[in-house]
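**Student:** Here it is: the structure, laid out below.
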Amino acid sequence: MASRGIPHFIIKEFMAKQKEYSIISFVGRVNVGKSSLLNLLSGQKDFAIVDDQPGTTADTVAALMEIHGLGPVKILDTAGIDEYSKLGEKKRKKTYEAIEEADLTLIVIDLLRNVNNRDFAIEKEIAKRAFRYNKQVLVIYNIFSATESLKKIKELEHLTNQELGLKLPSLCLNASNKKEQKKIVEFISVCLKKESRDIDLIPLSEGKGYVLLNIPMDEETPTLRLLRPQDMAVERLLRKYLIPVLFRMNLKKARANDKTEKKRFLALLKHLYNSPEELKLIITDSQAMDILDQWTPENISLTTFSVMMTNYMSCGNLDLFVKGLEAFSVLRNGDKILIMESCNHNRKCDDIGTRQIPNLIKEKLGLELKISFSFGRVMPEDLSQYKLAIHCGGCMIDRQKYSRRIFKFKEAKVPITNYGLFLSWIHNPKAVERVCKVFKI
Ligand SMILES: Nc1nc2c(ncn2[C@@H]2O[C@H](COP(=O)(O)OP(=O)(O)OP(=O)(O)O)[C@@H](O)[C@H]2O)c(=O)[nH]1
Ligand code: SF4
Ligand SMILES: [Mg+2]
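Using our numbering, the letters of the sequence shown map in sequence onto residues 2 to 442.
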C-alpha cells in the first residue's frame with residue numbers, strides 16, 4: 002500500500018489490529034486438560050490455573066493473541082461441564098455461552114480414562130449445542146503422559162471416534178508438553194473454516210470525496226476520545242483515502258430552531274457539496290436524525306452511526322432489524338419490550354436508551370408499554386416474554402456475541418430492531434429507507 006508519508010510498518014501494524022479474530026473454545030468434562038490446552042496453545046504457561054482439583058476453572062477465561070498460522074484469535078478456557086452442584090449449574094451456563102459464541106469448539110476428552118465405561122453423552126450434547134448455532138467442532142484427545150505405544154493410542158483414538166459417532170476430525174496430544182504446541186496450531190489452522198465476515202463498515206469505494214460525521218457531544222460524551230463507532234468510521238474512511246469531516250452540532254440549539262446553528266450546518270454542507278471532491282455521505286449520531294433528515298437535501302446520502310454498526314455487527318443482516326420495526330404496528334398497551342445496550346455507561350439526564358426512546362414511544366405512538374432494560378454483556382434468559390427488542394449499535398462486544406444475541410431472538414421469535422432505525426422511523430418512516438440505502442438494503 003502506498004504510504005503517503007506514513008512508515009509502512011506502522012500501516013501494517015495498524016491493519017493487523019483491525020483484523021477480525023476467530024474465537025476458539027476448549028470445552029469438556031472437569032480435569033480433562035482444558036486449561037492446560039489454553040496455556041499450550043497460547044504459549045503462556047501460567048495463563049490459566051491448572052490443578053488436579055476437579056472444577057478448578059470456575060468462569061470462562063479468555064486469552065487474546067496472534068498465533069502464527071492462525072492469525073488473531075481469542076481462546077476461551079471454560080469450566081468443566083459435568084459438575085453437578087449449584088455452582089456447577091452456574092459454571093455450565095457460562096460454558097454454554099462460550100460454545101454459542103465460539104467459531105470453533107474443541108471438545109476435550111481424556112482418551113484413556115474409563116476405557117471400559119465409555120459414555121459420551123456429555124460430549125454429544127456439547128456438539129449438538131455448537132451445531133445448533135452453526136459452529137464448527139473438533140475433538141482433542143488428551144493422552145496426558147500415557148506410556149502406551151503410538152499404535153495403541155491410534156487404535157484407541159479410532160475406537161473412541163466410532164463410539165462418539167460424530168465424524169469429527171480429531172487430534173491426540175499431551176496437553177502439558179509444550180512441544181505439542183506446533184501440533185495443535187497446525188491442526189486448528191488446517192481445520193478452522195474462516196467464516197467470511199467481509200462486511201465493509203462504510204461501503205463506499207476508495208478515492209476522492211468527503212464524508213461528514215455529525216457528532217453532537219453532550220454530557221454523556223467521554224472526554225479525550227471519540228465513541229468507538231465514530232473512531233471506527235474515521236479509520237475506515239482514512240484507509241479508503243476519503244476525507245472525514247467532523248462537525249459538532251449543538252442539538253439543543255438545533256431543536257430550538259436556532260437560525261445560527263442551521264446556518265452553520267448548511268454553510269458547511271454547501272462548502273463540501275460545491276468543492277471539487279464530492280460530499281459522499283453524512284453519518285450522524287442517531288439522536289440527531291430528527292434534525293438531519295430535515296436539514297439534509299434529499300440528494301445527499303445520510304445514515305447513522307448506529308445503523309452502520311448494526312449492519313457491520315450483524316454481518317449485513319440489517320434487513321432483519323428493519324423488519325423488526327413492523328412490530329410497532331401490532332404492539333398494544335401493556336406489552337413488554339426490551340431495550341438493550343452492550344455496555345454499561347454512566348447515564349445522564351437525556352440518555353437515549355433509558356429516556357429518549359421510552360419517551361418517544363409514549364409521546365409519538367401513545368403506547369404505554371412495559372419496558373425492561375438490559376445493559377452490558379449479559380442478556381435476559383427468558384426472551385419469549387418480549388414483543389420486541391430494540392438494540393444499540395453493539396460496538397462493545399464481539400461480532401460473535403452479537404450474532405448469538407440475534408440467534409436467541411430469532412429462536413424466541415422476538416422481532417429485533419435498532420436505535421438508529423427506530424430514531425429515524427419515529428420522526429419520519431421514510432427516513433428508514435434513506436439511512437439504509439448506502440448499505441444496499
Ligand atoms: N501429565 C499430564 N498431565 C496433564 C495433562 N493435561 C492436564 N494434566 C493435569 O491434569 C490436571 C487437570 O488439568 P487442567 O488443565 O486443570 O484440566 P481442566 O480440564 O482445565 O480442569 P477443570 O478446570 O477442573 O475443569 C492438572 O493436574 C494437569 O497438570 C497432560 O497432557 N499430561
Ligand atoms: S455498546 Fe451500544 S450503548 Fe455502548 S457505546 Fe456501543 S453502541 Fe453505544
Ligand atoms: Mg480448567
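Glycine included, every Cβ here is placed at the ideal spot set by N, Cα and C.
Does at least one heavy atom of ligand 4 sit under 7 Å from the Cβ of V31?
**Tutor:** Among the ligands present in this structure, namely ligand 1, ligand 2 and ligand 3, ligand 4 is not found.
**Student:** Can you check DSSP and say which residues form a bridge with E342?
**Tutor:** In DSSP, E342 forms a bridge with F376.
**Student:** Where does V433 land, buried or exposed, given buried means 16+ other C-beta within 10 angstroms?
**Tutor:** So V433 ends up on the buried side.
**Student:** Taking the straight line between their C-alpha atoms, what separation do you get for F410 and N275?
**Tutor:** Their backbone Cα atoms lie some 45 Å apart in a straight line.
**Student:** Cβ of R356 within 7 Å of any heavy atom in ligand 2?
**Tutor:** No; taking the cut-off as 7 Å, the Cβ of R356 has no heavy atom of ligand 2 nearer than that.
**Student:** Is the Cβ-Cβ distance between E158 and S171 less than 8 Å?
**Tutor:** It is a contact, given that the beta carbons lie within the stated cut-off.
**Student:** With which residues is Q137 paired in a DSSP beta bridge?
**Tutor:** L105.
**Student:** Are there any heavy atoms of ligand 2 lying less than 7 Å away from the beta-carbon of M290, as far as the coordinates show?
**Tutor:** Not under cutoff, so the answer is no.
**Student:** Output needed for S425: all residues of its chain with C-beta closer than 6 Å, excluding positions within five of it in sequence on either side, in chain order.
**Tutor:** Here the set comprises M290, A432, V433 and V436.
**Student:** Looking at L389 and G325, is the spacing between their C-beta atoms short of 8 Å?
**Tutor:** Contact flag set, yes.
**Student:** From L41 to I68, what does the alpha carbon distance come to, in whole angstroms?
**Tutor:** Rounded to whole angstroms, L41 to I68 spans 12 Å at the Cα level.
**Student:** Does the segment 323–341 come close enough to the segment 199–212 to have 3 or more Cβ pairs within less than 8 Å?
**Tutor:** At 8 Å Cβ cutoff, the stretches do not touch.
**Student:** Run the CB neighbour count on R406, radius 10 Å, all protein chains shown included, and call it buried at 16 or more, exposed below.
**Tutor:** Result: buried.
**Student:** Kindly give me the distance between the Cβ atoms of A147 and G34, rounded to whole angstroms, as I take these residues to be in contact under 8 Å.
**Tutor:** In fact, because the Cβ distance is near 12 Å, the residues do not count as touching under 8 Å.
**Student:** Indicate the three-state DSSP secondary structure (helix, strand or coil) for F248 in the structure shown.
**Tutor:** It is a strand residue.
**Student:** Assuming I76 and L113 form a contact by the criterion Cβ under 8 Å, report the distance between their Cβ atoms to the nearest whole angstrom.
**Tutor:** Contact flag wrong, Cβ pair sits at about 25 Å.
**Student:** Is K35 near ligand 3 - that is, is its Cβ less than 7 Å away from at least one heavy atom of it?
**Tutor:** Checking the Cβ of K35 against ligand 3 gives yes.
**Student:** Can you name the start and end residues of the beta strand (DSSP E) that S26 belongs to?
**Tutor:** Start and end: S23 to G29.
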